[in-house]
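Have a look at the structure below, then the notes.
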Amino acid sequence: MIHGVGSRPSNSNRLLQRIARRELPPLVPPGSLAVVSVGDVADGILRALERGRAGRRYLLTESNLSIADLYRRVGGLLGVRVPQLETGRLAWSAVCAGAALVDRVRPLELATPQALRLLGRHFCFDARRAREELGWSPRPFDAVLPEVLRELAARGWL
Numbered sequence: 209m210i211h212g213v214g215s216r217p218s219n220s221n222r223l224l225q226r227i228a229r230r231e232l233p234p235l236v237p238p239g240s241l242a243v244v245s246v247g248d249v250a251d252g253i254l255r256a257l258e259r260g261r262a263g264r265r266y267l268l269t270e271s272n273l274s275i276a277d278l279y280r281r282v283g284g285l286l287g288v289r290v291p292q293l294e295t296g297r298l299a300w301s302a303v304c305a306g307a308a309l310v311d312r313v314r315p316l317e318l319a320t321p322q323a324l325r326l327l328g329r330h331f332c333f334d335a336r337r338a339r340e341e342l343g344w345s346p347r348p349f350d351a352v353l354p355e356v357l358r359e360l361a362a363r364g365w366l
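In terms of our numbering, the sequence shown opens at residue 209 and continues consecutively.
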């Protein structure tokens, strides 16, 4: 999840909006994801262009969080309650199957069956190579998140 503020709300920012507006479903998906700020991604790309070795891949991520942990951190900063009912993989598979049935009758726009399946997966990555070979040092998620939330609120996006 690349977080930051751009000229319009991104999918990442839409998730933050949904947390702020208490629009999340009651179940917490079992997945996890890598997080990094957009500024750190830009810095990492520039470093890769300047110092990277040809043919090498550099993963740019600050840390990996469970979706439950992401909800808790954002909710804590915003002072809003977030869903607490964490689901296991089997229960989440049932949720996805149910969504697929509903989608056949009435197409789902935001929570498509495909999107829900992805929320049950673990997208965790290791940026060790970028840190060591490029000297890349992203800012901690917990330091950047309050800034992002303040900027989103100032723009009326939360």
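Idealized CB from N, CA, C, for every residue including glycine.
Original post:
My guess is that E294 and F349 are in contact by the Cβ rule of under 8 Å, so how many angstroms apart are they, rounded?
Top reply: Incorrect: roughly 20 Å between the Cβ atoms, too far for contact.
**OP:** Whole angstroms is fine: what's the gap from G260's alpha carbon to E341's?
**Re:** Cα to Cα, G260 sits roughly 7 Å from E341.
Subject >> N- and C-terminal bounds of the alpha helix (DSSP H) containing S271 >> reply: S271 -> not in any alpha helix (DSSP H); beta strand (DSSP E) instead, spanning 271-274.
**OP:** Under the assumption that R230 contacts V288 (Cβ atoms under 8 Å), give the Cβ distance between them as a whole number of angstroms.
**Re:** 6 Å
Original post:
Does DSSP put A299 in a helix, a strand or coil?
Top reply: helix
Original post:
Quick one: what's got a C-beta closer than 8 Å to L326's C-beta in the same chain, skipping five residues either side?
Top reply: G239
Original post:
What is the rounded straight-line gap between the Cα of E258 and the Cα of L298?
Top reply: 46 Å
Subject >> Residue range of the unbroken beta strand (DSSP E) whose run includes L353 >> reply: That residue, L353, is in no beta strand (DSSP E); its alpha helix (DSSP H) goes 349-362.
Original post:
Beta-carbon separation of A307 and L318 under 8 Å?
Top reply: no
Original post:
Alpha carbon to alpha carbon, what distance is there between E359 and S235?
Top reply: Checking the sequence shown, residue 235 turns out to be Leu, not Ser. About 28 Å.
Original post:
Who are the near neighbours of H330 in its chain, counting only those whose CB is closer than 7 Å to its CB and skipping five residues on each side?
Top reply: Excluding sequence positions up to five before and after H330, its CB lies within less than 7 Å of the CB of G239, S240, all in the same chain and listed in chain order.
**OP:** Please determine, among S274, A302, P321, the residue with the shortest C-alpha to C-alpha distance to D311.
**Re:** Comparing Cα positions, the closest option is P321.
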